[in-house]
Amino acid sequence: MSTSRRLFSSAATLNAVKRGPSKALGPYDLASASSEPFHFPHTKLSILKLEERRIYLHYLRLEQLQFKDLVAFRKPFVPPTARECIKVRRQHYQGEAHPADRKASIQFSVSSLPLKTDAARHKFKLLAGPRWNSVTDEVKISCELFPNPNMNEKWCSDVLDKMIKEAENTKDTMADIPLDERPTLARLKKHKQAKMVTIADFPKEWLPASPSA
């Protein structure tokens with residue numbers, strides 16, 4: 005029976021090089037930590053938390069040092085005039101990129117528009133379709149087709165101008181078409197704000213005349 009021997013070499017011990025102390029990084033040295041992504045004392049989550057605290061302290065400094073200077077630019081509130089009847093709404097997410105930050109919408113009351121006759125207002129409501137709210141008598145137009153909110157707001161403004169021009173056109177007044185309030189009732193029902201119809205709401209003029217005693 006043959007036996008085998010294994011000789012352990014000392015080459016690994018001889019070739020070992022004594023390494024010096026590793027370069028210590030400061031606990032708040034984000035520049036060095038980003039240059040050496042695998043050699044820092046904090047985790048990525050703690051670094052993000054530290055950056056969040058820095059932003060929070062930045063706005064605290066603005067509040068304490070610069071907000072007092074803004075008092076000189078304060079203006080009293082002036083109610084809008086009759087010509088300023090359109091409410092423009094945008095939304096942003098504090099500088100963060102979001103698909104909805106390009107959306108713009110305008111909202112206005114039909115009675116505040118420069119429409120001269122009742123027939124023109126009736127036609128305008130028909131042109132608005134489901135965008136007309138029969139309860140508040142307001143119309144809302146929104147757009148998010150373009151990458152810039154100014155472009156979307158301009159599109160809403162152009163559509164409003166075209167609707168007013170078409171409503172003033174007397175070739176077809178659409179007077180024989182009734183207004184459809186079902187979209188408004190559907191929205192109220194969705195938000196559980198619709199009124200429940202009961203037998204008390206039945207028109208009394210539709211009831212047959214009671215037989216004389």
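Numbering of the sequence shown is given in our numbering, commencing with residue 5 and proceeding in unit increments. In this text, a Cβ means the ideal position worked out from N, Cα and C, and glycines have one as well.
Chain-order list of residues whose beta-carbon lies under 6 Å from that of residue i (same chain, five-residue window excluded)
i: R93; result: S109
i: E172; result: A124
i: K107; result: E148
i: T85; result: none
Among the options, nearest to residue i - alpha-carbon criterion
i: I168; options: R78, L119, P103 and L52; result: L119
i: V114; options: T188, W136 and T202; result: W136
i: E88; options: L61, F77 and L117; result: L117
i: K91; options: I145, L192 and A204; result: I145
i: G3; options: I59, R78 and K79; result: Any question about residue 3 goes unanswered here, given that the chain covers just 5 to 217.
i: Q111; options: E142, R57 and S214; result: E142
i: E157; options: K194, Q95, K72 and H46; result: Q95
i: L192; options: H102, T140, F77 and K79; result: T140
Beta-bridge partners of residue i, as assigned by DSSP
i: C147; result: A108
i: S113; result: E142
Residues near residue i in its chain [Cβ-Cβ closer than 8 Å; skip 5 each side]
i: E185; result: S138
Burial state of residue i, where buried means 16 or more other Cβ atoms lie within 10 Å
i: F81; result: exposed
i: V75; result: exposed
i: F128; result: buried
Beta-carbon proximity list for residue i, same chain, < 7 Å, skipping 5 on both sides
i: L34; result: With a pLDDT of 49 at L34, under the threshold of 50, the modelled position of this residue cannot be trusted, and the question is left open.
i: Y97; result: D105
- Query: Three or more C-beta pairs closer than 8 Å, one from the stretch 156 to 165 and one from the stretch 178 to 187: is that the case here?
  - Reply: In short, these stretches do not touch, since the Cβ pair count stays below three.
- Query: So, do the stretch 150 to 160 and the stretch 123 to 142 have three or more beta carbon pairs nearer to each other than 8 Å?
  - Reply: no
- Query: Do three or more CB pairs link the stretch 127 to 139 to the stretch 63 to 74 at distances below 8 Å?
  - Reply: No, the stretch 127 to 139 does not touch the stretch 63 to 74.
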